[in-house]
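Protein chains in written order, with our numbering: chain A, 1 to 114; chain B, 1001 to 1106.
A virtual CB, placed ideally from N, CA and C, is assigned to each residue, including glycine.
Note that this is a predicted model, so its numbers are computed, not measured.
These notes concern the structure reproduced below.
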Amino acid sequence: DAGVIQSPRHEVTEMGQEVTLRCKPISGHNSLFWYRQTMMRGLELLIYFNNNVPIDDSGMPEDRFSAKMPNASFSTLKIQPSEPRDSAVYFCASSLVAVNQPQHFGDGTRLSIL
Amino acid sequence: QQPVQSPQAVILREGEDAVINCSSSKALYSVHWYRQKHGEAPVFLMILLKGGEQKGHDKISASFNEKKQQSSLYLTASQLSYSGTYFCGSGYALNFGKGTSLLVTP
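Take a look at the structure:
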């Protein structure tokens, strides 16, 4: 079975550019999570969706960040304009909607903003 | 508020045991444990839902003390493959601790 698929795997871009990260959750999963991982701050939750609806975006660092989930099989995380401090590994994870369900992580997108 | 993990790092020889602790200042209703190897995604190990619950997976087990708001992960007779960073997470949309780096040496 296909796991969570993220693209691109690596992204290097210059400060000020728009960055779009993509995620395809596991088929049948109805919760989707976006995390950011850095050495300093660890693994932080940015936003999560249940049944394509954003439930909690309190972890989104600022207005430069936005996330959408137009349908059950696709989500995007956009940064506009990007800054060097946005450099991190961004993970997408999916699960079934229930507290006793594990989250399945994608391989992540390693983002470098120059 | 994120859970606090201890120790931050531990080095073991193959075959030795280790305990990783996870505590929270807020009530814990469930605890997830994940392991992440360098350059890879976190991988699910186990979920504990009830106070006092204990689970095992191979030679890795965990306990959950709801009253004390803490969970512990036990690695018994460690193997080289156990090396990685272990994270505990609380809540439905996981609030992760900073992680415990575990290195098992031959």
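Below-7 Å beta-carbon distance, residue i vs any chain A residue
{"i": "B:F1096", "result": "yes"}
{"i": "B:P1003", "result": "no"}
{"i": "B:A1062", "result": "no"}
{"i": "B:Y1092", "result": "yes"}
{"i": "B:P1106", "result": "no"}
{"i": "B:A1077", "result": "no"}
Amino acids of chain A, ordered along the chain, whose beta-carbon sits closer than 9 Å to that of residue i
{"i": "B:I1047", "result": "V99, N100, Q101 and P102"}
{"i": "B:G1099", "result": "G42 and L43"}
Exposure of residue i, with buried meaning 16 or more beta-carbon neighbours within 10 Å
{"i": "B:M1046", "result": "buried"}
{"i": "A:N71", "result": "exposed"}
{"i": "A:H10", "result": "exposed"}
{"i": "A:S31", "result": "buried"}
{"i": "A:N51", "result": "exposed"}
{"i": "A:K24", "result": "buried"}
{"i": "B:G1099", "result": "buried"}
{"i": "A:M69", "result": "buried"}
{"i": "B:H1032", "result": "buried"}
{"i": "A:R41", "result": "exposed"}
Short CB-CB distance (under 7 Å) between residue i and chain B
{"i": "A:A107", "result": "This sequence places Asp at residue 107 of chain A; Ala is not what is there. With 7 Å as the cut-off, A:D107 counts as an interface residue toward chain B."}
{"i": "A:S16", "result": "Correcting the residue identity first, residue 16 of chain A is Gly in this sequence and not Ser. Not an interface residue."}
Partner residues on chain A for residue i, Cβ-Cβ distance less than 8 Å
{"i": "B:F1007", "result": "In the sequence as displayed, the identity of residue 1007 of chain B is Pro instead of Phe. Residues of chain A passing the Cβ test: none, with the nearest at roughly 15 Å."}
Amino acids of chain B, ordered along the chain, whose beta-carbon sits closer than 7 Å to that of residue i
{"i": "A:F74", "result": "Neighbours of A:F74 on chain B: none; closest Cβ ~19 Å, over 7 Å."}
Item checked: Complete runs of the beta strand (DSSP E) confined to the segment 8-74 of chain A [at least 3 residues] -> Counting only runs of 3 or more, we get 10-13, 19-24, 31-38, 42-50, 53-56 and 65-71.
Checklist line | Inside the segment 1004-1058 of chain B only - beta strand (DSSP E) runs reaching at least 3 residues | finding: For the segment 1004-1058 of chain B, the full-length beta strand (DSSP E) segments reaching 3 residues or more read 1004-1006, 1009-1013, 1018-1023, 1031-1036, 1043-1048 and 1054-1057 along the chain.
Next item on the list: With 9 Å as the limit, tell me which residues of the segment 1016-1035 of chain B have their beta carbon closer than that to any beta carbon of chain A; keep them in chain order.
Entry: Along the segment 1016-1035 of chain B, the positions whose C-beta sits under 9 Å from a C-beta of chain A are Y1029, S1030, H1032 and Y1034, read in chain order.
Item checked: Under 8 Å (Cβ pairs) to chain B, residues found in the segment 46-65 of chain A -> Flagged, chain order: Y48, I55 and D56.
Check: Along the segment 26-39 of chain A, what residues have a CB closer than 7 Å to any CB found in chain B?
Finding: Of all residues in the segment 26-39 of chain A, F33 have a Cβ within less than 7 Å of some Cβ in chain B.
Margin query: To test your reading of the DSSP string, which unbroken beta strand (DSSP E) runs of 3 or more residues are found completely within the segment 1065-1104 of chain B?
Written below: Listed in chain order, they are 1070-1075 and 1084-1090.
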